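Asker:
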Amino acid sequence: MGDDIRISYGDLRGAVTNLDHVATQFAAHDDTADAAAAAVGHDGLAHQVRESADTWDDNRKDFREAAEGLARSIDDIMRAFVELDVELAKDER
Numbered sequence: 061m062g063d064d065i066r067i068s069y070g071d072l073r074g075a076v077t078n079l080d081h082v083a084t085q086f087a088a089h090d091d092t093a094d095a096a097a098a099a100v101g102h103d104g105l106a107h108q109v110r111e112s113a114d115t116w117d118d119n120r121k122d123f124r125e126a127a128e129g130l131a132r133s134i135d136d137i138m139r140a141f142v143e144l145d146v147e148l149a150k151d152e153r
C-alpha cells in the first residue's frame with residue numbers, strides 16, 4: 061500500500077475547468093480603457109491610460125495563453141494516468 065499513487069481525477073478535471081475559465085476571462089475584451097481615456101479630459105493623461113491598457117492587453121494575452129497551456133498539460137497528464145489505470149487493471153485480471 062505504501063507504493064500506491066493516489067490521483068484524484070475530479071481534482072484534475074476541476075483544475076482544467078478552472079484554468080479554462082481563467083483563460084476565458086482573460087480573453088474577454090474590455091473597452092473600459094477607451095471610455096476612461098475619453099473621460100479624463102486631458103490628452104496626456106488619456107494617452108497614458110491608453111498606453112497602460114495596451115500593455116495590459118499584451119499581459120492579458122500572455123496570461124490567457126499560459127492558462128490554456130497549463131489546462132491542456134493537466135488534461136494530457138490526467139488522460140495518461142487514466143490510460144495507465146486501464147492497462148494496469150487489465151494486467152491484474
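Following the working numbering, the numbering of the sequence shown begins with 61 at its first residue and continues without gaps.
We put the CB at the ideal spot given by N, CA and C, even for glycine.
Keep in mind it's a predicted model, so treat the numbers as computed, not measured.
Label Met-61 either buried or exposed according to how many other C-beta atoms from any shown protein chain fall within 10 Å of its C-beta, with 16 as the threshold for buried.
Answerer: Position 1 of the sequence shown holds residue 61. Residue placement at Met-61 is flagged as unreliable, the pLDDT there being 49, under the threshold of 50; a coordinate-derived value is accordingly withheld.
Asker: Is the CB-CB distance between Val-100 and Ala-93 below 7 Å?
Answerer: Within the sequence shown, residue 100 is the residue found at index 40, counting from 1. Within the sequence shown, residue 93 is the residue found at index 33, counting from 1. Result no, Cβ atoms of Val-100 and Ala-93 do not sit closer than 7 Å.
Asker: Using the Cβ count rule (16 or more neighbours within 10 Å means buried), how would you classify Ala-127?
Answerer: Position 67 of the sequence shown, counted from the first residue, corresponds to residue 127. Ala-127 comes out buried.
Asker: How many angstroms separate the CA atom of Gly-129 from the CA atom of Asp-136?
Answerer: Here residue 129 refers to the residue found at position 69 of the sequence shown. Here residue 136 refers to the residue found at position 76 of the sequence shown. Those two C-alpha atoms are separated by around 11 Å.
Asker: Arg-124 to Ala-88, Cα distance in whole Å?
Answerer: As a position in the sequence shown, residue 124 is number 64, starting the count at 1. As a position in the sequence shown, residue 88 is number 28, starting the count at 1. So the alpha carbons of these two residues sit roughly 10 Å apart.
Asker: Verify the CB distance criterion: does Arg-110 have a CB-CB separation below 7 Å to chain B?
Answerer: The chain inventory of the structure shown lacks chain B, comprising one protein chain alone.
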